[in-house]
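No gaps in the numbering here: position 154 of the sequence shown is 328 in the numbering used here, and each next residue is one more. Structure first, then comments.
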Amino acid sequence: MNIVLLDPRQPQSEIWTISAKRQLEHLQTHLDIQVGDTLKVGIREGKRYLTEIIEITEKTVRLKPLKEEAVPAKLPVTLIVALPRPKVLRRLIMDATTLGVEKIILLHSYRVDKSYWQTPFLQQLDHYIELGLEQAGDTIAPKIELYKRFKPFVEDVLPTLISTDCPAYVAHPYTENKMPFAIEHPCTVVIGPEGGFIPYEVDLLIKNGCQAVSLGNRIIRTETVIPYILGRLFSTA
């Protein structure tokens, strides 16, 4: 936890209070906080601050803000992912949030097991988003959208995300076109299920504006390929 996120509904005053059990346990167990220590705090969907701890009790930590700090910039990317296995979904959401993805779309496809849409993890996405924000020191959550029908999404929604200044790339190992490197514009990235998109789905994505691009002939796990692609596309090296 590199920042403590406070609920924006908490009454705003000169003194702020941390009372969430999970946050308190982390602060007391892993950081061994003391009165007078400084602490990075963010208001969820708002600003980020450096604060000073002024009181510690069994159930609360009280703070006073010292100065405003910059919130990390987002990556200008919409990440579209065929809904993965529940355990992978949890890591995917946390990692994509930590990396600064602006928008995440979870999509059905032929090789997505229909049972995945019944996982309780889908009801807990906000928790995993918060963990990702805390890791990154961020306060602004990515937008999350879910689409259970592949064809209507690709034909009706996907084209609205694509423009000359915002292309869409579908990761596909069986094409000679290489994934771009160090781009300077927003984009949409489409990642298939672990078994890959079927040929019909790839063709439909291309027909509706996506560029099929390859990272090489290795078949990479979903949770591995996302940071790999984002690091390549938005590299500053």
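Note that the Cβ used here is the ideal one computed from N, Cα and C, for glycine as well.
Between which two residues does the beta strand (DSSP E) containing residue i stretch?
i: Y321; result: K317 to Y321
i: K195; result: First-last for K195: K195 to T203, but that is the alpha helix (DSSP H), not the beta strand (DSSP E).
i: A256; result: L249 to A256
i: G314; result: Reading the sequence as shown, one finds Ile at residue 314 and not Gly. Here I314 belongs to no beta strand (DSSP E), and DSSP marks it neither H nor E.
i: S177; result: Strictly speaking, residue 177 in this sequence is Ile, with Ser absent from that position. From DSSP, I177 is part of no beta strand (DSSP E); its letter is neither H nor E.
i: Y223; result: R222 to I230
i: C340; result: Segment: none, C340 is in no beta strand (DSSP E) and carries neither H nor E.
i: T362; result: C361 to I365
i: R236; result: V235 to E243
i: K214; result: T212 to I217
i: A356; result: Per DSSP, A356 belongs to no beta strand (DSSP E) and is neither H nor E.
i: V331; result: Element bounds for V331: n/a, residue is neither H nor E.
i: Q385; result: C384 to V387
i: W291; result: Neither: W291 is in no beta strand (DSSP E) and is coded neither H nor E.
i: T191; result: W190 to I192
With a 10 Å radius around its C-beta and 16 neighbouring C-beta atoms as the bar for buried, classify residue i as buried or exposed.
i: Y343; result: buried
i: S283; result: buried
i: W190; result: buried
i: P258; result: buried
i: P367; result: buried
i: D300; result: exposed
i: I393; result: exposed
i: G369; result: exposed
i: R196; result: exposed
i: I228; result: exposed
i: L240; result: exposed
i: V251; result: buried
i: A270; result: buried
i: V363; result: buried
i: E375; result: buried
i: Y402; result: exposed
Tell me which same chain residues have a C-beta within less than 6 Å of the C-beta of residue i, skipping the five on either side of it?
i: A345; result: I365
i: T193; result: One point to set straight first is that residue 193 is Ser, not Thr, in the sequence displayed. Contacts found: T234.
i: L407; result: I357
i: R285; result: P367 and G369
i: I372; result: Y284
Mind checking which residues open and close the alpha helix (DSSP H) that includes residue i?
i: A270; result: P260 to L273
i: I303; result: L299 to A310
i: E397; result: T396 to L407
i: L378; result: P373 to K381
Apart from the five residues on each side of it in sequence, which residues of its chain come closer than 8 Å, Cβ to Cβ, to residue i?
i: V399; result: A345, I365 and L389
i: S337; result: none
i: V387; result: Y343, V344, A345, H346, T349, N351, K352, M353 and P354
i: G216; result: I177, V178, L179, L180, R222, Y223, V245, L307, G311, D312 and T313
i: Y290; result: L257, P258, R259, P260 and L263
i: Y321; result: I279, L280, L281, H282, F327 and V331
i: L198; result: I192, K233, T234 and V235
Which whole-angstrom value describes the C-beta separation of residue i and residue j, a residue pair presumed to lie in contact below a C-beta threshold of 8 Å?
i: L273; j: L179; result: 17 Å between Cβ atoms; not a contact.
i: P316; j: I278; result: 5 Å
i: L280; j: V255; result: 6 Å
i: V275; j: L249; result: 6 Å
i: L266; j: T396; result: 7 Å
i: E226; j: G210; result: 7 Å
i: N382; j: E319; result: About 17 Å separates the two Cβ atoms, so there is no contact after all.
Within its chain, find whatever has a CB closer than 7 Å to the CB of residue i; leave out the 5 residues flanking it on each side and keep chain order.
i: P341; result: C361 and Q385
i: N391; result: P347
Consider the C-beta atom of residue i and the heavy atoms of the ligand SAM; say whether any pair is separated by less than 7 Å.
i: V399; result: Absence of the ligand SAM from the depicted structure is noted, as is the absence of any ligand whatsoever, leaving it without description.
*Do the stretch 233-248 and the stretch 195-211 touch if we need at least three Cβ pairs shorter than 8 Å?*
yes
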